[in-house]
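To convert, note that position 207 of the sequence shown is 207 in UniProt numbering; the numbers rise steadily by one, no gaps. For each residue, glycine too, the CB sits at the ideal point set by N, CA and C. Okay, structure first, notes after.
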Amino acid sequence: MRIAFIIAALGAGGAERVISLIANDWATKGWQVTVIAFDDPADPVYHHFHPSIELVRLNLSPASGRRLSGVWLNLQRVFALRRSLKRLRPDVAVSFLTKINVLALLASRGMTLPVIVSERNNPRRQAAHPLWAQILAKLYPRADAIVMQTRDSLECLPPSARARAHVIPNPVSAPATAAPGDRPTVIAGVGRLIPQKGFDLLIRAFATVAGQFPQWNLVIWGEGDERTRLQALTDEHGLQGRISLPGVSPTPGSWIEETGVFILSSRFEGFPNVLAEAMAAGLPVIAFDCAYGPHDLIIPGQNGILVPPEDVALLATAMTDLLSRRQLQAQLGSAAKMDTRRFLPDEIIGRWTALVELFQAGTASTNPNKL
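Structure representation (structure tokens):
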């Protein structure tokens, strides 16, 4: 089987992590796997890929937000991707993330190549030009299969595309952590420094409780355009010595062993990989009950704490409750570790394998809407 994955870049994101896990598994099966990305070949590859996997990097990352240059860039991306697909001749193409899915469907138009697109976020909450939504509604019915991460997220799809949808959550694996009693007094937030991740809300909540818990600090791992704003917010609350933004963690998951409590402060998600990883590692967690994902992972009071979306006051209350009760931290962390076994890689990758094998080598697309 020849497989081509299509992704924006090979950095530290959750979609990239999932692709690396699936691609590596298929490469060990002897499948011919290629990962096509639009980033600069000089950019570092954050996740490990099996030596047999070919990485094709098209060097067509966004250079500016201006509309005309953006249109021209996306046309270049479509043609470059189409050339790569014709050269590689995969049996199946699998694309990740909304805009990349659109580009993949445009690039494969008129080809007999089966295309599986995978939504990794909440399309209704992502900032995008309205034209993208219109294109998505027209193109998604042309996909041979659409992978969503939760059942709730199916409502984001155009009605004509839902018959081809499959719900496959993310595979979750995590390194072992220290015993509960030995955990550092550090609260962690992890993700790109962008408004979606709600780190401004997390900083405000921490500022509310910081005086009650002088031994606890907040570390926000990640990089992005919001760094200056988040640092200014930290300074505004006088918490320069208590809140740090060290950038991307040196290796995948290395932040876990430096963490005592994990908080997901996102305004919206698709399926929060980082929350699942924290739970799989046995960390006690608090999360905003945003759409989508947290309530698929957390059973309130049993394996974590859910807070109404974007409610800073209630987040601070939940933090106070959890930080003041070591026994509760241990109880929630232990239950979380047990419960996330249902997302172990063997189980989830097996579902991906079964889906892709529906399109056996040499089988053309079966979608009558495609051509």
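- If you draw a straight line from the Cα of Asp200 to the Cα of Thr259, it is about 19 Å long.
- DSSP places Trp216 in the coil class of the three-state scheme, outside both helix and strand.
- A contact is defined here as three or more CB-CB pairs under 8 Å, and the stretch 240-252 meets this definition with respect to the stretch 221-228.
- Distance from Leu322 to Ile286 at the Cβ level is roughly 6 Å; contact confirmed, criterion being Cβ atoms closer than 8 Å.
- Nearest to Leu355 by alpha-carbon distance, out of Val92, Gly333, Cys156 and Thr228, is Val92.
- For His50, the three-state secondary structure derived from DSSP is coil.
- When the Cα atoms are used, Val35 and Val209 turn out to be separated by approximately 45 Å.
- Residue range Gln32 to Ala37 is occupied by the beta strand (DSSP E) that includes Gln32.
- Between the C-alpha atoms of Ala278 and Pro284 there is a straight-line separation of about 8 Å.
- When the five nearest sequence neighbours on each side are left out, the beta carbons in the same chain lying within less than 6 Å of the beta carbon of Ile135 are those of Val102, in order along the chain.
- Under the three-state reduction of DSSP, Pro159 is assigned to helix.
- Listed in chain order, the beta strand (DSSP E) runs fully inside the stretch 288-364 are 305-307, counting runs of at least 3 residues.
- Taken atom to atom, the span from the alpha-carbon of Val115 to that of Ser108 is near 8 Å.
- The three-state reading of DSSP puts Leu202 in helix, counting H, G and I together.
- Taking a contact to require three or more Cβ pairs closer than 8 Å, the stretch 27-41 and the stretch 76-91 qualify as touching.
- In this structure, the CA atom of Thr228 is about 34 Å from the CA atom of Arg325.
- Cys290 and Phe268 have their C-alpha atoms spaced approximately 5 Å apart.
- Residues of the same chain with a CB within less than 7 Å of the CB of Ala188, apart from the 5 flanking positions on each side, are Val219, Trp221, Trp255, Thr259 and Phe262 in chain order.
- Annotation: Gln329 to Glu236 spans about 30 Å, alpha carbon to alpha carbon.
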